[in-house]
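K.L.:
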Amino acid sequence: PKITISWKGTPVGVPAEFVAQGRAASKTLAIFLPWVQIDRNMVWINYVWYNQQRFINHTNEALKLISEQLHATTLMTVQNRFAIDKMRGPDQGVCQLIGEDCCTVIPLHTGPAGPLHALLDRMIKARDEMVSNNAKGSSTPGWLSWLFSSSWLAGLVRAGTTILIMLAAVACFVCCGIPCLRGLISETVHSLFGQYVQLPVYEVTGQESSTEDSSAALDQSI
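Under the working numbering, think of the first position of the sequence shown as 370, with each following residue one higher.
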């Protein structure tokens, strides 16, 4: 089948029997349980990375075996041809019997300086580069490895333990942290504003009215 690229930049057209993750299940998990889908993607990326390294190793070993066999076969063919030419020397050699198709050049790609050895060297360098880049800078502490490994039952136990620890931390903060914070704020406010003396407020309305009346009487007498 023809594989095309969609408007999102993703390949489209992979046959169903070769699909690693179903689209419906992946989208459902991405919407409702995004952390589960992220973990699935990480595991599949590691699996593809591991298979790529295995493929390189197996291909390299296979080409080495083929190279050894072809090199030995080529050497034996040349030796046999030399012996047959020597035996058929009185009859002008093998080419006199075979005709125009006698002269066949066998390319020595399997020799020490042949292109097959150069290709094998490049594959070995690519393999070594991938091995050197394995998990570079992604080492996790022991407690994180314990938290994100093993079976699903152990994963549920670890998730429950993590939730209980988080709830205990929140309860400790609510019961102890907030009262301490309130006390600290109260002491700070008292230390800032407690140095000012609060003066009493008197009712002076009646005194002011009597003063105004006496002033009016004095004006009338004058």
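The beta carbon of each residue, even a glycine, is placed where N, CA and C say it ideally should be.
By a C-beta neighbour count over all protein chains shown, 10 Å radius and 16 as the cutoff for buried, is threonine 479 buried or exposed?
P.N.:
Translated into positions along the sequence shown, residue 479 becomes position 110. Burial call: buried.
K.L.:
DSSP state of valine 383, grouped into three classes?
P.N.:
Indexing the sequence shown from 1 puts residue 383 at position 14. In the structure shown, valine 383 sits in coil (DSSP, three-state: anything other than H, G, I, E or B).
K.L.:
Does the beta-carbon distance from leucine 398 to valine 388 come in below 7 Å?
P.N.:
As a first step, residue 398 is located in the sequence shown; it is residue number 29 there, counting from the start. As a first step, residue 388 is located in the sequence shown; it is residue number 19 there, counting from the start. Cβ distance not < 7 Å, so leucine 398 and valine 388 don't count as in contact.
K.L.:
Going along the chain, which residues of its own chain have a beta-carbon closer than 8 Å to the beta-carbon of isoleucine 425, five neighbours each way excluded?
P.N.:
Here residue 425 corresponds to residue number 56 of the sequence shown, with the count starting at 1. If we look at isoleucine 425 and ignore the five residues flanking it on each side, its Cβ neighbours are Met492, Ala495, Arg496 and Met499.
K.L.:
Helix or strand or just coil, what does DSSP make of isoleucine 374?
P.N.:
For this step, residue 374 is matched to residue 5 along the sequence shown. Of the three classes helix, strand and coil, the one that applies to isoleucine 374 here is strand, per DSSP.
K.L.:
Looking at glycine 483 and leucine 477, is the spacing between their C-beta atoms short of 7 Å?
P.N.:
If you number the sequence shown from 1, residue 477 lands on position 108. If you number the sequence shown from 1, residue 483 lands on position 114. Less than 7 Å separates the beta-carbon of leucine 477 from that of glycine 483.
K.L.:
Using the C-alpha atoms, what's the distance from glutamine 438 back to alanine 431?
P.N.:
Translated into the one-based positions of the sequence shown, residue 431 becomes position 62. Translated into the one-based positions of the sequence shown, residue 438 becomes position 69. Their backbone Cα atoms lie some 11 Å apart in a straight line.
K.L.:
Quick one: Cα of serine 395 to Cα of threonine 446, how far?
P.N.:
Along the sequence shown, read from residue 1 onward, the residue named residue 395 stands at position 26. Along the sequence shown, read from residue 1 onward, the residue named residue 446 stands at position 77. Approximately 58 Å between the Cα atoms of the pair.
K.L.:
Can you look up glycine 458 in the DSSP assignment and give me helix, strand or coil?
P.N.:
Position 89 of the sequence shown, counted from the first residue, corresponds to residue 458. Correct three-state label for glycine 458: helix.
K.L.:
Taking 7 Å as the limit between beta carbons, can you name the residues of its chain near alanine 538, skipping five residues before and five after?
P.N.:
In the sequence shown, residue 538 corresponds to position 169, counting from 1. Cβ within range, chain order: n/a, list empty.
K.L.:
Quick check: what's the CA-CA separation for isoleucine 363 versus asparagine 410?
P.N.:
No statement about residue 363 is possible, as the shown extent of the chain runs from 370 to 591 and does not include it.
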